[in-house]
Amino acid sequence: MNKYYTITELTREFGVSTRTLRFYEDEGLIHPERRGRTRLFRAADRRLLQEILRGRRIGFTIAEIREIIQVYKEPPGELGQLKLMMKRIDEKRDELRQKRRDIDETLSELDTAEEACLTRLAEIGVGT
Numbered sequence: 001m002n003k004y005y006t007i008t009e010l011t012r013e014f015g016v017s018t019r020t021l022r023f024y025e026d027e028g029l030i031h032p033e034r035r036g037r038t039r040l041f042r043a044a045d046r047r048l049l050q051e052i053l054r055g056r057r058i059g060f061t062i063a064e065i066r067e068i069i070q071v072y073k074e075p076p077g078e079l080g081q082l083k084l085m086m087k088r089i090d091e092k093r094d095e096l097r098q099k100r101r102d103i104d105e106t107l108s109e110l111d112t113a114e115e116a117c118l119t120r121l122a123e124i125g126v127g128t
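What follows is the structure, encoded as structure tokens:
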């Protein structure tokens with residue numbers, strides 16, 4: 001017998017809103033069955049949702065997630081998906097490393113500006 005999950009069960013399990021699940025459905029990332037106004041999610045939908053949320057946590061865009069899902073559905077299937085995923089992971093890692101460098105540079109500039117302010121305050125005889 002097929003196990004179905006309701007939207008309420010998935011929102012509770014994954015800590016997301018019903019609006020989030022509807023958004024992923026509208027974006028074509030998940031395809032629950034409909035019985036009247038009720039959405040019923042299969043185990044495959046649940047696993048896919050898990051992967052979508054993981055992708056979002058590590059910073060993938062909806063377009064990148066869609067691309068990774070689509071590659072899985074077409075030849076070469078899982079192999080192509082894994083290779084694309086590795087490529088996207090490398091790109092995301094590079095992007096984050098650049099952001100870290102930018103943040104470090106900004107922090108250094110702030111330290112320099114603060115030191116200049118402290119020096120000037122000392123020169124004019126004002127303590128901090």
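Residue numbers in the sequence shown follow the UniProt record's numbering, run continuously in steps of one, and reach 128 at the last position. Glycine is no exception: its CB is placed at the ideal position from the N, C-alpha and C atoms. Small disclaimer: the values here were computed from a predicted structure and weren't measured.
Q | Segments assigned alpha helix (DSSP H), at least 4 residues, entirely inside the region 50-100 | A | Fully enclosed alpha helix (DSSP H) runs of 4 or longer: 62-73.
Q | Between the CA atoms of T11 and S17 - distance to the nearest angstrom | A | When rounded, the distance between both Cα atoms is 6 Å.
Q.
Using DSSP's beta-bridge definition, name the partner residues of E33.
A. E33 pairs with L40.
**Q.** Residue environment, L48, which counts as buried when at least 16 other CB atoms sit within 10 Å
**A.** Residue burial is scored here from C-beta neighbours: L48 has at least 16 other C-beta atoms within 10 angstroms and is therefore classed as buried.
Q | Span of the alpha helix (DSSP H) around I7 | A | I7: member of the alpha helix (DSSP H) spanning 7-14, first to last residue.
Q: Name the two residues that bound the continuous alpha helix (DSSP H) containing E25.
A: Here the alpha helix (DSSP H) through E25 covers 18-26.
Q: In angstroms with no decimal places, state the Cα-to-Cα distance between S108 and T119.
A: Using only the alpha carbons, I get a separation of about 16 Å.
Q | Outcome for R88 when other beta-carbon atoms lying within 10 angstroms are tallied against a minimum of 16 | A | Buried is the call here.
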